[in-house]
Each structure stands twice: as C-alpha cells, then as structure tokens.
Amino acid sequence: MPAIAYDDDSRVSGISERERVLYEFFFEDGNLILSIPADSYHFERNKGIDPGTKAWLYISLEGNQYVYEFNTDGEIVSDRFTSKGKTGETVNDYVHGYEKVCYYYGPTDMEKGLGLLDSEGNEIIPAVYTYIHSPFEGRIVAGRSEGGLFGGTARILDGEGKIICDKYHGIDFDELPDGRFIGIAYCAGEMSQLATVCRDENGEIMKGGYRFIDKDGNELSEVFASEKDGFIIRKGGITEGEMTITAVYEDGSEKEINIYDYAFEP
8 MPAIAYDDDS RVSGISERER VLYEFFFEDG NLILSIPADS YHFERNKGID
58 PGTKAWLYIS LEGNQYVYEF NTDGEIVSDR FTSKGKTGET VNDYVHGYEK
108 VCYYYGPTDM EKGLGLLDSE GNEIIPAVYT YIHSPFEGRI VAGRSEGGLF
158 GGTARILDGE GKIICDKYHG IDFDELPDGR FIGIAYCAGE MSQLATVCRD
208 ENGEIMKGGY RFIDKDGNEL SEVFASEKDG FIIRKGGITE GEMTITAVYE
258 DGSEKEINIY DYAFEP
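According to the numbering used here, the stretch in the sequence shown is residues 8 to 273, in order.
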C-alpha cells in the first residue's frame with residue numbers, strides 16, 4: 008500500500024510502499040462490528056467530552072477514511088466517510104485550474120496527505136503534504152507538519168509545482184497594508200528535538216531561529232531567536248500602523264527592526 012517516504016533527514020521525499028495488513032473488528036460475542044476491513048486504525052476512548060459517547064474508531068482503507076462513534080452501550084450511533092481523491096477545493100485565486108486531492112495513509116487527519124492536480128488530472132504536487140496554499144501569484148507554499156505548524160517540512164514551489172526552496176521547518180508570508188509582502192522562515196536548529204533536519208544549499212545544518220526571506224526563500228536578514236511582543240505572522244495580518252518589531256537574539260540582546268525594510272513585491 009502507498010506510504011509517505013522520508014529522506015535521511017526525515018523530510019518528506021515522496022510516496023513509497025509498505026506491506027498492507029487488513030484488520031477486522033469484533034464484539035465480545037464474536038460478531039463483526041464493521042462490514043469492511045481496515046488497513047490501519049486508531050481507537051480513541053471518550054475522556055468526558057461527550058457523556059453520551061463511549062469511543063471513536065478511526066480507520067483507513069485504500070486511502071479513504073471512516074470514523075465511527077460508539078455510545079455507552081457499544082452501539083454505532085454515527086459514522087463519517089471521507090473519500091480519497093479530489094476534494095473539490097482549489098488553492099486560491101492566485102493558482103487557477105488546480106484542485107486539491109487527498110489520500111489517507113493512516114486513519115486520522117494527521118496522516119492525511121494533500122496534493123494538487125491540474126484541470127486535466129495531471130499531478131502537480133504529490134499528495135504528501137499537510138497544507139498547501141498560494142500567498143501570491145507564481146508561488147505555492149506546501150509543507151508537512153510534524154509536531155506543530157513550525158515543525159517538519161516546508162517548501163516554496165513555483166506555479167508548476169517545481170521546488171524552489173527546501174531548507175526551512177516553517178514558512179509564512181503576510182501582506183502589508185501597502186500591498187507588498189514580507190516572508191518569515193523558521194528553522195529549529197541543531198539542538199532541536201524535531202526529527203527533521205534543515206540544511207542549506209551546501210548541506211550544512213541551518214541556524215535555528217527566524218529570518219526574513221524573499222519570495223524564493225533567500226534570507227534577507229540576520230537570524231533572531233524570537234520576537235518580543237508576539238510573533239508578527241499571525242491570524243488577521245499586520246495592521247496599518249504596525250511598522251517595527253523587537254527581535255531578540257540568542258545572546259539575549261534586542262534590536263528594533265523595521266519590517267518594511269524587508270518588504271517585496273511578488
């Protein structure tokens with residue numbers, strides 16, 4: 008069966024294969040619970056979220072997801088099915104004619120892979136990513152989260168799905184009030200507990216921290232450890248009067264940075 012492949016740095020590299028094992032589920036009296044088998048499953052007991060629910064059973068079969076809810080008497084009271092293939096979702100207005108596709112490599116949403124097909128059904132991006140979006144015309148950001156938004160594999164691709172930048176754990180772009188953009192990229196660094204390792208073009212491990220980047224992922228600023236008053240890339244965007252941040256560096260020193268110094272037009 009298909010499986011997500013990882014390279015030696017634990018970064019997503021494509022799709023491979025693994026052995027398929029089928030499972031069936033039985034009640035205590037030996038009767039089958041489901042009419043179909045599963046090639047992976049996850050059982051989750053209710054911990055007081057809903058008093059009428061006892062547990063949930065998540066399964067995948069040939070890339071599709073099935074979710075079953077059991078009441079306190081052990082009966083299935085609801086079920087949900089999510090099909091593999093086209094999701095009916097486009098990326099956004101910056102990328103025309105591309106549609107998202109999904110495949111469940113495991114039973115939960117964390118094990119779902121997203122990809123892109125063009126209008127003729129040709130694969131533009133393989134279905135291995137957790138998120139795919141286009142911040143502006145000509146660029147696509149795709150990544151697979153491993154333990155949080157800024158953890159795992161994050162890539163910048165061109166409008167045809169070709170990888171332009173592949174050296175960060177997290178990438179985000181935000182539009183400024185004047186119509187230009189700023190980009191922020193993050194790497195966890197050598198001492199991180201993340202399994203994924205980010206390397207530069209020369210194979211050297213990337214320095215941990217945040218940096219401003221251009222639309223191709225090139226670094227525009229020094230690397231700083233954090234931002235004093237809350238990370239500037241956040242839901243809702245940058246406000247009209249927001250001009251500067253206070254960057255905090257590894258040695259504890261601080262520096263005020265004008266974010267417009269790193270703005271670019273796509």
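The C-beta atom is built at its ideal place from N, Cα and C for all residues, glycine as well.
In three-state DSSP terms, what is residue i?
i, result
"E118", "helix"
"Y269", "helix"
"P184", "coil"
"L164", "strand"
"K214", "coil"
"S260", "coil"
"C205", "coil"
"T79", "coil"
"L124", "strand"
"L39", "strand"
"N129", "coil"
"K107", "strand"
Below 6 Å CB to CB, which residues in the same chain sit around residue i once its five sequence neighbours on both sides are set aside?
i, result
"E261", "T253 and V255"
"I66", "A45, Y48, Y73 and P114"
"P9", "I22"
"G190", "F180 and I220"
"E257", "A232"
Would a C-beta distance cut-off of 7 Å place residue i and residue j closer than the cut-off?
i, j, result
"E167", "Y101", "no"
"A161", "G177", "yes"
"Y136", "R151", "yes"
"D86", "Y75", "yes"
"T280", "N53", "With the chain running from 8 to 273 in the structure shown, residue 280 is simply not present."
"A149", "V108", "no"
Shorter than 6 Å, the distance from the beta carbon of residue i to the closest heavy atom of the ligand MN, or not?
i, result
"G92", "The ligand MN is not part of this structure, which contains no ligands at all."
If you drop the 5 nearest sequence neighbours on each side, which residues of the same chain put their C-beta closer than 7 Å to that of residue i?
i, result
"E118", "Y111 and Y112"
"C3", "As displayed, the chain neither begins before 8 nor continues past 273, which places residue 3 out of reach and without an answer."
"R27", "M8 and D46"
For residue i and residue j, which I take to be in contact (beta-carbon distance under 8 Å), what is that distance rounded to the nearest angstrom?
i, j, result
"E82", "W63", "Contact doesn't hold; Cβ gap of about 13 Å is too wide."
"E130", "G120", "Between G120 and E130 the Cβ distance is about 12 Å, and since that is not below 8 Å, they are no contact."
"A192", "R218", "6 Å"
Please identify the residue among the options whose C-alpha is closest to the C-alpha of residue i.
i, options, result
"T251", "L121, E257 and D268", "D268"
"G216", "N225, A232 and L227", "A232"
"S17", "G159, D80 and P273", "G159"
"E182", "L164, E272, I139 and E106", "E272"
Less than 8 Å between C-beta atoms, sequence neighbours within five positions excluded: which residues of the same chain meet that for residue i?
i, result
"L29", "P44, A45 and D46"
"L39", "E31, F32 and F33"
"Y13", "V19 and S20"
Beta-carbon of residue i versus every beta-carbon of chain C: anything under 7 Å?
i, result
"T89", "The question asks about chain C, but that chain is absent: this structure has only one protein chain."
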